[in-house]
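Chemist: First residue of the sequence shown: 3, per our numbering; consecutive thereafter.
Glycine residues also receive a C-beta, built at the ideal position from the N, C-alpha and C atoms.
Have a look at this one before I ask anything.
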Amino acid sequence: MKYLRLLFDNFTLALLGVVLIATVLPCSGDGAVYFGWLTNLAIGLLFFLHGAKLSREAIIAGAGHWRLHGLVFACTFMLFPLLGLAFKPLFVPLVGNELYLGVLYLCALPATVQSAIAFTSLARGNVPAAICSAAASSLLGIFLTPLLVMLLLGASGDTGSGLDAVLKITLQLLVPFVAGQLARRWIGAWVKRKARWLKVVDQGSILLVVYTAFSEAVVTGLWHTVSPQHLAGLFGVCAILLTVVLFATHQLGKLLGFDLEDRITILFAGSKKSLATGVPMAQVLFVGSGIGAMILPLMLFHQIQLMVCAVLAQRYASREQGAEEASAA
3 MKYLRLLFDN
13 FTLALLGVVL
23 IATVLPCSGD
33 GAVYFGWLTN
43 LAIGLLFFLH
53 GAKLSREAII
63 AGAGHWRLHG
73 LVFACTFMLF
83 PLLGLAFKPL
93 FVPLVGNELY
103 LGVLYLCALP
113 ATVQSAIAFT
123 SLARGNVPAA
133 ICSAAASSLL
143 GIFLTPLLVM
153 LLLGASGDTG
163 SGLDAVLKIT
173 LQLLVPFVAG
183 QLARRWIGAW
193 VKRKARWLKV
203 VDQGSILLVV
213 YTAFSEAVVT
223 GLWHTVSPQH
233 LAGLFGVCAI
243 LLTVVLFATH
253 QLGKLLGFDL
263 EDRITILFAG
273 SKKSLATGVP
283 MAQVLFVGSG
293 IGAMILPLML
303 FHQIQLMVCA
313 VLAQRYASRE
323 QGAEEASAA
């Protein structure tokens with residue numbers, strides 16, 4: 003039952019429900035305009051609250067482990083994009099050109115914060131380093147992801163001009179985030195106490211973006227252009243990508259001489275991609291009707307990474323617990 007809850011948690015079911023609603027009852031016309039404004043406001047509030055929540059002390063505490071952070075950032079912002087490009091001859095026949103662009107967008111995203119820290123803690127890894135790496139990755143992603151998207155997608159992606167993309171990121175994501183950091187001294191404790199409310203805003207903004215994006219995509223014929231074969235191929239693509247990255251992070255941690263706790267942190271922080279950052283950022287970066295296809299790979303990859311990493315974390319935890327019991331005996 004525990005694994006079933008991991009596979010089908012409430013948020014996953016909500017995501018599937020929103021996609022179904024957008025397929026059956028997509029918003030259009032004036033409704034789409036209103037939902038667009040509501041989505042932009044929710045995204046701004048989301049990044050404002052994350053700015054107010056992010057602890058400077060946690061960043062300073064973990065910032066000294068520069069070798070670990072450097073490897074995690076290299077896996078997140080270099081290894082993933084290189085794999086996305088290198089596997090193009092394999093991925094394009096499986097998913098088609100439109101979904102392949104979504105895979106490239108997935109590869110450009112920062113690591114997720116909550117699950118990277120949660121799995122590292124469960125597996126008994128270096129939690130302070132995981133906090134620092136995940137938080138810094140999320141912050142760096144605001145700057146690096148738009149640049150990587152322009153480099154990876156080039157003329158193939160409908161991202162608008164480079165200057166326009168940077169301006170949108172600055173106004174809709176960075177400005178609220180910095181404002182939240184500046185307001186932290188007054189509202190930081192309140193935000194910490196209202197963590198459950200922040201989770202509602204976090205998940206609610208994602209659901210809004212998914213509904214708006216899929217509504218527009220459905221109106222313009224997403225499910226007529228994405229075949230069942232391509233959807234099945236996308237599952238295989240996400241599984242291949244995650245498998246290769248998990249193997250690479252595991253081996254690199256060993257080759258570079260990190261201890262077990264640090265290798266666990268590298269494995270879980272370096273193999274994640276953030277749905278919470280990626281979905282709102284897609285709303286900012288991409289124009290036109292292609293947003294649905296751009297976030298579909300991310301939604302699927304996110305669920306696969308949670309399922310696989312939950313199993314890995316449990317295995318690490320049980321192995322460590324067994325070793326401790328043998329030592330005590």
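1. Taking DSSP as the reference, what is the three-state secondary structure of R126?
2. In whole angstroms, what is the alpha-carbon distance linking E218 and V21?
3. For T251, collect the residues of the same chain with a Cβ closer than 6 Å to its Cβ; drop the 5 residues on either side in sequence, then sort them by chain order.
4. Between the beta-carbon of K90 and the beta-carbon of V193, is there less than 8 Å?
5. State the Cα-Cα distance for the pair M283 and A215, rounded to the nearest angstrom.
6. Starting from the Cα of S135, find the closest Cα among K275, P299, Y318, Q285 and give me that residue.
7. Near A295, which residues of its chain fall below 7 Å by C-beta distance, leaving aside the five closest residues on each side in sequence?
8. Quick one, are the C-beta atoms of T147 and A110 less than 8 Å apart?
9. I'd like to know whether the C-beta atoms of V239 and V97 end up nearer to each other than 8 Å.
10. Q205: which of V281, R187, Q174 sits nearest, CA to CA?
11. Determine the DSSP secondary structure at S117, reduced to helix, strand or coil.
12. Closest to L51 by C-alpha separation, out of I144, L300, L15, Q183, would be which residue?
13. Check P148 in the structure and name its three-state DSSP category.
14. Taking the alpha-carbon positions, what's the G235 to F93 distance?
15. Relative to the C-alpha of W68, which candidate in D264, M309, S30 has its C-alpha closest?
16. With a cut-off of 8 Å on the beta carbons, I'd call V211 and T41 a contact; round off their distance for me.
17. Express the C-alpha separation of D261 and N12 in angstroms, rounding to a whole number.
18. Expressed to the nearest angstrom, what Euclidean distance is found between the alpha-carbon atoms of Q316 and R126?
19. Shortest alpha-carbon distance to Q285 belongs to which of W188, S123, L173, T25?
20. If you compare alpha carbons, which of Y213, P178, M309 is closest to A34?
21. Just tell me which of L108, F75, S123, L43 has its CA closest to the CA of H304.
Modeler: Checking against the coordinates, here is how it stands:
1. Reduced to three states, the DSSP call for R126 is coil.
2. Straight-line Cα distance between these residues: approximately 12 Å.
3. By the criterion of a C-beta distance shorter than 6 Å, T251 is surrounded in its chain by C77, I268, L269, G272, S273, once the five residues flanking it on both sides are discounted.
4. The beta carbons of K90 and V193 sit no closer together than 8 Å.
5. Distance between the alpha carbons of M283 and A215 is about 12 Å.
6. Selected option, being the one with the closest Cα: K275.
7. Cβ within range, chain order: E100, L101, G104, A219, L224, V228.
8. At a Cβ-Cβ threshold of 8 Å, T147 and A110 count as neighbours.
9. Less than 8 Å separates the beta-carbon of V239 from that of V97.
10. Nearest of V281, R187, Q174 to Q205, Cα basis: V281.
11. Three-state result, S117: helix.
12. Taking each of I144, L300, L15, Q183 in turn and checking the Cα distance to L51, the smallest one comes out for Q183.
13. Look at P148 here: in three-state DSSP terms it is helix.
14. One C-alpha to the other measures close to 8 Å.
15. If we check each option's Cα against that of W68, D264 comes out closest.
16. Taking 8 Å as the upper bound for CB-CB distance, V211 and T41 are in contact here, some 5 Å apart.
17. One C-alpha to the other measures close to 36 Å.
18. As the crow flies, the alpha-carbon of Q316 is around 10 Å from that of R126.
19. It is L173.
20. Distances from the alpha-carbon of A34 to those of Y213, P178, M309 put Y213 closest.
21. Here the closest residue by C-alpha is L108.
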